[in-house]
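Notes follow the structure.
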């Protein structure tokens, strides 16, 4: 049932895909009501957009700083903020809201370097604030089920993990992928990294959350392949995990025919798990008899810890928005619990800022490996 | 952008899956805001549920009649009502709201016999009211794309259609499927038909909306298979369409391993189309070269009339709630257009009451065929 | 190891696909050596073809009658004959060899009517001769595994069987499918039936051999769809089996995109089996937990009675020729056992003439049903 | 039609899978007749096995040397020899037959180091003898079709290639995979390499033959993972090709659920090709519209150079033996052409000794990379 939470949004103006997606994902479960926002750097645009979304004009803010201050003071202020601004600004925006005592949900990647991210974590911890990084894919019931299968020893010790996330939308040298592609491929806006930051962090996060393994070191080959590009668009990374498991992480932006093909294959001493985000209603589990078992999202075999996020019976598909909705389900529950004093750490079932920091460290290590000629770099 | 529509709901109390689903589907696009409801025959339950959903107590009604009257009179009354009560009550509830001048969205099946349904249509037509029957699956972008492929002649003349919708949840004679299953299998609540009414009407509707073909006659075999059942749980229907195409419609409730397996295969003189609702992001199109082409929901190949309902880029899956959301997108647009006087028939892109009537006639013809020993019955 | 069997062939001249296929299938296991033949009605062609295949000229016969007589008398005469002539001649050819005391392997359909077929059986039984009808698909290890699963009660009581065999090669009204298609579509050569005789008998046989069920009655709709055709090219048959199971058998020759799509889906009270001949290395077994299990041809789960026909380890695919080779493996074993007096009925693991007769009766019943306006006809 | 070729075999005694497979593959097309052999080091076993296979006792030899000499001198001597002995003996056996003037077909890997292989090539070239290395998978029609698609520019310039060949049969530390596994895992019999030699060479060969690309350098991580193993059982290799394409080659022996999963994914500037040897009847081709097209082995779209090896119509599956048969089809044609003086280099459509040498160099470079700490090594 509804928790009567209120939230605000920074970014997500007209035409911004990701802001729209967050709003839909929160609406589908009626997790919280949008009551405030700063949707654009242009105050008029911000106000018009807020009004169109049904906000009172007084809560359509001209700047995120003003918003943080004002909402922090209101009695009926927002319970949390959703930050969906360009990546380079995440740090300052999140910081402002944390300092105003407001819980934060921030799109990934969390910041441009890991020290910024660690600072945000420090502030959040000091103030007892919640901080979610919206790695959407980990909201899928099936992703949580994979996590539980590994945790419960269903496939024994993890031996190697083949993880990949190829896309194809930037394959064409004449087409820079519109507004979305242009800023990603532009060193001025994206810094030293493109594909690995956008997709590689998802891969790293999926493996981390599904297996619980920590990366010990990486050997990265980051290539710029499509003519004219200035940043990596194909990354092939050898990985060693603490405890001895190995793996390969592959990401690409020119793999024609790959839409959004995050795929995780986990090979253990007693079984194998296959998970593919474009087919998010299903996990393939293979035990020692070699027989693939296709377990669907709402089958009795699904662990209760994962199944509880499902809304619909088997065969009634849930998708990407529902996955993001699941992140907000847990986050909203924690925010509400914070409000009424019942919060405990065990309630957290969303990607915390710790995962956001890990992602940035992964990118930094890969960059170093590439710059030094594809050598091993410890994390 | 939001249309500032208001809606009410009849049915959909605590624990009712379908009411919850409609609310989510409307929320995901912010199509309308729930402001009134009669959620249960028990006034207290109705009120509590309405409050929990954020309604004012005065708009949590004790009966649907009271609600229809009151909302019909309010200046800020609901723009449309969503009827998700047990099937046997659809007729009376819908009638009350139509008579109060309120547009109606009603779950399928529309009524218990086609004459009731025709009466509802007569009232709606007289009053110029919109009436949607929520055949959810037809909301999928890919279902609309199939319709466009057929309409545009991409597969030539349709020759035969193999349509099926098996489920497995009622396979076990010891398990009557909980509350959901019990009323379906109970002649007192469901009348003369179970499986064919629940699933067969979806099959009939899918073929009708995708191909535009009208059924000329049917030869139905309706079997009661699982020991102890009293109504059909497996239906195998030979179909002849006007113009000469043929087909088979199969529905079952004991097909273990089938969750919600509505599958339509359309064979034409120049090509074949395969559509499977459990994989709703994809259509398989085969032309005369025999090569299956897998077209995804947001590919450039999708017709604009279908593509416009998509929310997310390729590979970001949309599911069943989004499909139902799409029905409400078109319905909401039409309701808004009615309000501001811009409505035209061409705007309708949802299953109208006419399809609801067709479905009932299909069931009636099948029952007659079965009762007469599996003979052909004209529609 | 090789059994030193000798065989002859009637039919299978230059360009004849099916004769070539039988020879390859026998060669792949070195089951028998081709030593005699009558490959064509033209004696010169027959001799040249035999020579090209490595036969002595004296065993390249001018007529099948001469061949039957001569080989029946030789000390080193053929152990069995393979009959791959046009269907209408099967009866007379098989009869000649049976009368000469020679075991027979005959392509399906066995004869043009069931009384002929029964006569052949009578002769074979009287003389203690073996008679195989080469329903190729039943040679697949996976088909035998399906049979064992049903027999062993793995899916409980069979409730309904959805069986189909659509092809697409005759979809085009301007193209009669070359030599192969022309005789099939020609009433003078094929009698009263085309698609149902060619494909429908495979469907009937697959269900019979896999489930052990006997058909009680059929209700058939046999349509002539492609303009210009004179015989059925689309058949939709309702089936009732002894014991109460039901089913649908669908066959078509214009289903674009279907190559050779024999697919059997068996729904039982405790599980479901899916088998698809275009993916013959795999069976899908679903038990009451709803989880599809993909069992591969050479997995430990395969029953020994089925697995023993496999030649290669898992993942090394076997195909259609190997399936036919498996039929000859069992047939050759029985022929060899007949020769050395160790034969018992239990050794038979190929489709006997009894199945051939059943197939013809099925066709005859369907024709009667169609002619009487799609009514039930007992077998 | 049959070419009346005669062949001999060295190795392939009772219970030897690979010798049996070669004989079946040659039989299925009647490419050549087995007339001589040395099947075992034990003369009695060799003779018994030869007799069981139908050979004259005088051509069941006690040693390969004797066989090479005798057959080289006979007027009706073998046209070619098939060498299927343990890998470590390939070199000496092949050399003996080449020196006797006999064409050679040898199982892979060709030798234990590349210098031996180069010596064999030198002898073959000097004597004008043919030398095939039986990389079976490249015999598939679909593999040849992939080669033609790349060659014809259908996917533009190749950018990256993700190639893998995981198996799972050696996952269990308590099970050394029987006779087959034991010698592979034993440094005494296999030298310094196990998995990479067995599977990695297939991967390298598939990419080489499909794309025509030559490897410039490799960076290999060769791990020993399953407890107790002494040689690599998981290899993850970064590859750079001449011209700038990149790729990853992954092979494993403990990937539970992977039977024989050679999979090649080729991403080009204008399209993508997916090929999977466990589904060898199909190629997925994706062009710039993003739509996967599933092209089957015998569709009109298949290039004539590939299609000519097919035996059966679409939907009649061909498998692994047929693929190997295809290698022998081309090899037999070349041997026959050598015999009658019509041979030209252009006729060769099988993996030559040159590919065998490349494979060994690939292994040697990977070993060096691994030994030096996963650094780039030029080929």
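Protein chains in written order, with the working numbering: chain A, -18 to 360; chain B, -18 to 360; chain C, -18 to 360; chain D, -18 to 360.
C-beta atoms are modelled at their ideal positions from N, C-alpha and C, and glycine is treated no differently.
All of these numbers come straight from a predicted model, not from anything done at the bench.
Item                                                                                                                                                                                     : Value
Go to residue 256 of chain B, then tell me how far its alpha helix (DSSP H) extends in each direction, as first and last residue.                                                        : Counting along the chain, residue 256 of chain B falls outside any alpha helix (DSSP H), though it belongs to the beta strand (DSSP E) covering 253 to 257.
Between the beta-carbon of residue 304 of chain C and the beta-carbon of residue 120 of chain C, is there less than 8 Å?                                                                 : yes
Taking only beta carbons into account, state which residues of the segment 258 to 273 of chain B come closer than 8 Å to chain D, listed in chain order.                                 : 270, 271, 272 and 273
Using a C-beta to C-beta distance shorter than 7 Å, which residues of chain D count as neighbours of residue 282 of chain B?                                                             : 270 and 272
In chain order, what residues of the same chain lie with their CB nearer than 7 Å to the CB of residue 344 of chain C, ignoring the 5 residues before and after it?                      : 174, 177, 178, 181 and 182
Enumerate in chain order the residues of its own chain whose CB-to-CB distance from residue 258 of chain B is below 6 Å, with the five nearest sequence positions on each side excluded. : 118 and 243
Anything in chain D within Cβ reach of residue 275 of chain B, meaning under 7 Å, just list it in chain order.                                                                           : 272 and 273
Cα separation between residue 315 of chain A and residue 336 of chain A?                                                                                                                 : 17 Å
For residue 233 of chain B, which residues does DSSP report across the bridge?                                                                                                           : B:147 and B:215
So, under 8 Å CB-CB, residue 205 of chain D and residue 213 of chain D are touching, yes? Tell me the CB distance rounded to an integer number of Å.                                     : 6 Å
Determine, using beta carbons only, whether residue 234 of chain B and residue 151 of chain B come nearer to each other than 8 Å.                                                        : yes
For residue 298 of chain A, which of helix, strand or coil comes out of DSSP?                                                                                                            : coil
For a minimum of 3 consecutive residues, which ranges assigned as the beta strand (DSSP E) are wholly contained in the segment 98 to 177 of chain B?                                     : 112 to 114 and 139 to 147
Does residue 299 of chain D come within less than 8 Å of chain C when only Cβ atoms are used?                                                                                            : yes
Ordered along the chain, which non-local residues of its own chain (more than five positions away) have a Cβ less than 7 Å from that of residue 154 of chain C?                          : 207, 208 and 209
Given that a residue counts as buried once 16 or more other Cβ atoms are within 10 Å of its Cβ, and exposed if not, what is residue 23 of chain C?                                       : exposed
For residue 60 of chain B versus residue 146 of chain B, is the C-beta spacing smaller than 8 Å?                                                                                         : no
Please specify which runs of the alpha helix (DSSP H), each continuous and at least 4 residues long, are wholly inside the segment 20 to 85 of chain D, giving them in chain order.      : 24 to 33, 45 to 54 and 71 to 80
Please report how far the alpha carbon of residue 103 of chain C lies from the alpha carbon of residue 318 of chain C, in whole angstroms.                                               : 21 Å
Which residue from C:238, C:19 and C:16 puts its Cα closest to that of residue 270 of chain B?                                                                                           : C:238
Count the other CB atoms within 10 Å of the CB of residue 277 of chain D; is the residue buried (16 or more) or exposed (fewer)?                                                         : buried
Judging by CA-CA distance, which residue of D:43, D:231 and D:9 is the nearest neighbour of residue 14 of chain C?                                                                       : D:9
To the nearest angstrom, how far is the alpha carbon of residue 111 of chain D from that of residue 130 of chain D?                                                                      : 27 Å
Can you grab the Cα-Cα spacing for the pair residue 64 of chain C / residue 88 of chain C, in whole Å?                                                                                   : 6 Å
In its own chain, which residues sit with a C-beta less than 6 Å from the C-beta of residue 255 of chain C, not counting the 5 before and 5 after it?                                    : 246 and 265
Can you give me, in chain order, the residues of the segment 298 to 318 of chain B that have a beta carbon less than 7 Å from any beta carbon in chain A?                                : 298, 299, 300, 301, 302 and 303
Residue 199 of chain D lies in the beta strand (DSSP E); which residues open and close that run?                                                                                         : 196 to 204
Whole angstroms are fine: how far does the CA of residue 80 of chain A sit from the CA of residue 48 of chain A?                                                                         : 12 Å
Taking residue 9 of chain C as the query, report the chain D residues whose CB atoms sit under 7 Å from its CB, ordered along the chain.                                                 : 5, 8, 9 and 302
Pairing CB atoms from the segment 283 to 298 of chain A with CB atoms from the segment 290 to 302 of chain B, are three or more of them under 8 Å?                                       : yes
Once DSSP output is grouped into helix, strand and coil, what is the label at residue -14 of chain A?                                                                                    : strand
Using a Cβ-Cβ cutoff of less than 6 Å, which residues in the same chain neighbour residue 291 of chain B once the five nearest sequence positions on both sides are dropped?             : 122, 278 and 279
Take residue 163 of chain B as the anchor and find which of B:67, B:185 and B:220 has the nearest alpha-carbon.                                                                          : B:67
Using a beta-carbon distance below 8 Å, is residue 44 of chain B in contact with chain C?                                                                                                : no
How long is the line joining the alpha carbons of residue -5 of chain D and residue 161 of chain D, rounded to whole angstroms?                                                          : 14 Å
Please identify the residue among D:285, D:17, D:35 and D:355 whose C-alpha is closest to the C-alpha of residue 201 of chain A.                                                         : D:355
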